[in-house]
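> Just so you know, the sequences run in chain order F and S.
First residue of the first sequence? That's 45 in the numbering used here, and the numbers climb one at a time after it.
First residue of the second sequence? That's 308 in the numbering used here, and the numbers climb one at a time after it.
Beta carbons: idealized from backbone N, C-alpha and C, even for Gly.
Predicted model, so just to flag it, every value in this text is computed and none were measured.
Below you'll find the structure I mean.
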Amino acid sequence: MKKEAVSGKNLSLGYQKGGYKKTILEGLNFSLQSGELTCLLGPNGVGKSTLIKAILGEINPFEGVITIGGKVNSEFSETELAKELAVVLTEPVLPGNMTVAQLVALGRIPHTNWTGKLSQLDRKKVYQALDATKITYLKDERLSEISDGQRQKAMIARALAQDGKVMILDEPTAHLDLVNRYEIMHLLREICVNNEKAILVVTHDLEIALETAHRFWLMNCGTPLIAGLPEDLVISGKLNELIPGKEFHFDLEKGKIQKRKENSAWNISGDKIMAYWIQKALSKNISVTFESQIKITKEPFQLLFEEKIFGSLEGFLNFLESKTR
Amino acid sequence: MKNKRSIFFLSVGLILLIGSFLLNISLGSVTISPIEIVKGIFTDNWVKGSSKQIILNYRLPKALVAILAGFGLSLSGLQMQTFFRNPLAGPFVLGISSGAGLGVAILMLAGTIFGFSSSSDFNTWAIAFSGTIGASLVLVLVSLVAWRVKDSMTLLIVGLMFGSAVSAIISVLSYYSNAESLKLFTVWSMGSLGGLGWSQVWVLLLIMLVGFLPIIASIKSYNAMLLGESYAKSMGINPSKLRWLMILSTGLLAGSITAFCGPIAFLGIAVPHLSRMIWKTSDHRILFPVSAIIGGILLLLCDSISQLPGYAQTLPINAVTSLVGAPIVISLVLKKNFSKEF
């Protein structure tokens, strides 16, 4: 059963400096469900960080209320809020001396007494968090000696050990390699489903988000937050609203953002997969289209075009370029 | 397992501390053997009456002051480094030592310029009092700023600026003062652990004990601060509360030490790094006691060196801490990857 973990009603958010009030978001409504991985997408500067700060209670809304587990977030004490809500931020400052297990144990700070001594339960939670993020084998490694991807998993484990019902991650996959990005997003989805947590991820990785998120929140300047099943948003074309201007669009067939191209279909015959990649290379590099057929032969790979034979795609592209000039 | 190791190493540290303490009080212009001292203190059975005088009235208070100052400066430095997440922060980044310096400069330099004090007025209490006033003044100013700004980096810069401004005032005072009082002020600014009587030692001890309380109350918060202010907040720690506790604690510790002993350089910045390197941890439950012990040992050893065993002369402690400490730290920093471990 799904439950509402965080909700915002009629929010007006912004910053106040002296007497000057700058409103960034207005009329904002949202509902974050537990057991769901929600991805927040939107261009830079649209107010994603402002929204997160408001949920964390760092800024007070000008209007409207944010509730966490049904209770208004300003009514929580600092420690109470920390028990409900954990974050993974973009700040990379970390003491290299600390081991992974020690880092994860920091997540237990809201639960421990004033000395910060870990109880039996705290230790159990730390191990569970290490286990859920699959980094138990790293527990005694120092933070200065592990990779960026492993460190990010450790940060997620720390947030998990904090044992709140809600986790908010700000671009957890930024500057990670492709495999790590997939791994981390799938990991988050797993955590979400297995532990009944509500996870909100701010990300710019549309393709990976499409594959892993239960729900999308789209934010765009001047329009209210659009929430929905990712696939619904694809079908209804709402994803295109993320993309300003007419130059790019969301390609339904390929599931990614592409440059709009008219009449770029080449006449290619032969192996289908090879044809796909050749088409891709051609539309990326050559601005005009030729009528003549391109024939592909496999083993050895050869391209037959206007009675010339090319052993590599690069040679073919060079030829076409010289031809267009 | 880990706890046993910690207890073992802490005991070794304590033994070393006691060892350096005994070494410190046995060395000097007259060498008195540690056994004789222990026997003398516990049974009041001294070999020579003069030894009793030297030990009880001179060396014992000095060694105690060395331990207290070592504790206080290291603990202040560690708090500053963690709070500001800056490896170069030390106990004096908020301008506390410059403030104490200003107080003393006003007594010694301005006093003789404007004629409200003469060189004969400079007893320990007067110096400590004016140092305390100066340090508190700067501390109040910094607190006013801290109250207004939310950003800890701004506080750090403001503290440094206060320090520079105050040093500039001291320079102006030095420029106009006469040679005799300038020499006295220069000697004060080189630091000295000696010259304090028992009554001053008790006062210092009392202030230090009060200064330790905020640390005990915020050990967990310092651990959370390792991940930066935003993470600390997300874990239920209130950084502004911690900032006040830190200002209070470092003000009491570093302020009183500077007021009584003059500025003692290097120790507060270096000892926390040494502790991190030796212990390989960033857990403040361990770092605080370890830093205190290492600080105490180092200052005792530096003071023993400054005695120039066998001579009646002593070197200024401020120069010795830097001369002895700097090479040690440089070698450690070069050997281990220190910035990675911070």
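Taking 8 Å as the CB-CB cut-off, is residue 272 (chain F) touching chain S?
Closer than 8 Å: no.
> Going along the chain, which residues of its own chain have a beta-carbon closer than 8 Å to the beta-carbon of residue 287 (chain F), five neighbours each way excluded?
Within the same chain, residue 287 (chain F) has close Cβ partners 293, 294, 301.
> Would you kindly report the start and end of the unbroken beta strand (DSSP E) that includes residue 82 (chain F)?
81 to 85 is the extent of the beta strand (DSSP E) around residue 82 (chain F).
> Counting contacts by CB-CB distance shorter than 8 Å, is residue 194 (chain F) in contact with chain S?
Not closer than 8 Å to any Cβ of chain S, the Cβ of residue 194 (chain F) fails to qualify, so no.
> May I have a chain-ordered list of the alpha helix (DSSP H) segments no shorter than 4 residues that lie completely inside the stretch 316 to 390 of chain S?
Runs of the alpha helix (DSSP H) inside the stretch 316 to 390 of chain S: 341 to 350, 356 to 360.
> In whole angstroms, give me the CA-to-CA distance for residue 335 (chain S) and residue 466 (chain S).
Each residue's alpha carbon lies about 39 Å from the other.
> Output the distance between the C-alpha atoms of residue 141 (chain F) and residue 325 (chain F), rounded to the nearest integer angstrom.
Cα to Cα, the separation comes out at about 47 Å.
> Out of F:190, F:316, F:91, which has the shortest C-alpha to C-alpha gap to residue 139 (chain F)?
With distances taken between Cα atoms, residue 139 (chain F) lies closest to F:190.
> Taking the continuous beta strand (DSSP E) assigned at residue 302 (chain F), which residues delimit it?
Here the beta strand (DSSP E) through residue 302 (chain F) covers 300 to 303.
> Helix, strand or coil for residue 323 (chain F), going by three-state DSSP, please let me know.
Note: residue 323 (chain F) maps to helix in three-state DSSP.
> Is it true that the stretch 245 to 252 of chain F meets the stretch 81 to 89 of chain F, where meeting means three or more beta-carbon pairs spaced less than 8 Å apart?
Contact holds: three or more Cβ-Cβ distances are below 8 Å.
> DSSP three-state call for residue 619 (chain S): helix, strand or coil?
DSSP places residue 619 (chain S) in coil when its eight states are reduced to three.
> Identify the continuous beta strand (DSSP E) that holds residue 214 (chain F) and give its terminal residues.
Its beta strand (DSSP E) spans residues 210 to 214.
> Straight-line CA distance for residue 375 (chain S) to residue 200 (chain F)?
So the two alpha carbons sit approximately 42 Å from each other.
> Flag residue 213 (chain F) as yes if its beta-carbon sits less than 8 Å from any beta-carbon of chain S, otherwise no.
It does not; no Cβ of chain S falls within 8 Å.
> If we ignore side chains and look at the alpha-carbon of each, how far apart do residue 573 (chain S) and residue 101 (chain F) end up?
One C-alpha to the other measures close to 40 Å.
> Between residue 447 (chain S) and the ligand NAP, is there a pair consisting of the residue's CB and a ligand heavy atom that are separated by less than 7 Å?
In the structure on display, the ligand NAP does not appear, and there are no ligands present to speak of.
> Quick check: residue 312 (chain F) and residue 330 (chain F), are their CB atoms within less than 8 Å of each other?
No.
> Residues bridged to residue 129 (chain F) by DSSP?
Answer is F:210.
> From residue 343 (chain F) to residue 368 (chain F), what does the alpha carbon distance come to, in whole angstroms?
The alpha-carbon atoms of residue 343 (chain F) and residue 368 (chain F) are separated by roughly 29 Å.
> Measuring alpha carbon to alpha carbon, tell me which residue in S:612, S:523, S:373, S:442 is nearest residue 400 (chain S).
Among S:612, S:523, S:373, S:442, the Cα nearest to that of residue 400 (chain S) belongs to S:442.
> Give the straight-line distance between the Cα atoms of residue 92 (chain F) and residue 533 (chain S), rounded to the nearest whole angstrom.
Going by the C-alpha atoms only, they are around 26 Å apart.
> Would you check if the stretch 156 to 163 of chain F and the stretch 114 to 126 of chain F touch, i.e. whether three or more CB-CB distances between them fall below 8 Å?
The stretch 114 to 126 of chain F is not in contact with the stretch 156 to 163 of chain F.
> Around the C-beta of residue 369 (chain S), are 16 or more other C-beta atoms found within 10 angstroms, so that it is buried, or is it exposed?
Residue 369 (chain S) is buried by the Cβ-count criterion.
> Would you mind sorting residue 468 (chain S) into buried or exposed? The rule is 16 or more other CB atoms within 10 Å of its CB.
Residue 468 (chain S) comes out exposed.
> Establish whether the CB of residue 531 (chain S) and some CB of chain F are separated by less than 8 Å.
Yes, contact with chain F.
> Distance cutoff 8 Å, beta carbons only. Does residue 105 (chain F) sit that close to anything in chain S?
Closer than 8 Å: no.
> Bridge partners of residue 58 (chain F), per DSSP?
Partner(s): F:67.
> In chain F, which residues lie with their C-beta within 9 Å of the C-beta of residue 393 (chain S)?
Within 9 Å Cβ-Cβ: nothing; residue 393 (chain S) doesn't reach chain F, min ~10 Å.
> Quick one, which residues of the stretch 531 to 557 of chain S are near chain F if we go by CB-CB under 8 Å, in chain order?
Under the 8 Å Cβ criterion, the stretch 531 to 557 of chain S contributes 531, 533, 534, 535, 537, 538, 540, 541, 542, 543, 544, 545.
> Measuring alpha carbon to alpha carbon, tell me which residue in S:547, S:621, S:329, S:389 is nearest residue 458 (chain S).
Among S:547, S:621, S:329, S:389, the Cα nearest to that of residue 458 (chain S) belongs to S:547.
> How should residue 84 (chain F) be labelled, buried or exposed, when 16 other C-beta atoms within 10 angstroms of its C-beta is the threshold for buried?
Answer is buried; the Cβ neighbour count reaches 16.
> Do you know whose CA, among S:503, S:520, S:389, lies nearest residue 364 (chain S)'s CA?
Nearest C-alpha to residue 364 (chain S): S:503.
> Per DSSP, what kind of secondary structure is residue 400 (chain S) in: helix, strand or coil?
The answer is coil: DSSP assigns residue 400 (chain S) none of H, G, I, E or B.
> In chain F, which residues lie less than 9 Å from residue 649 (chain S) when you measure between Cβ atoms?
Those are 139, 140, 141, listed as they occur along chain F.
> Would you say residue 527 (chain S) lies against chain F (beta-carbon separation less than 8 Å)?
Yes - at least one Cβ of chain F is within 8 Å of the one on residue 527 (chain S).
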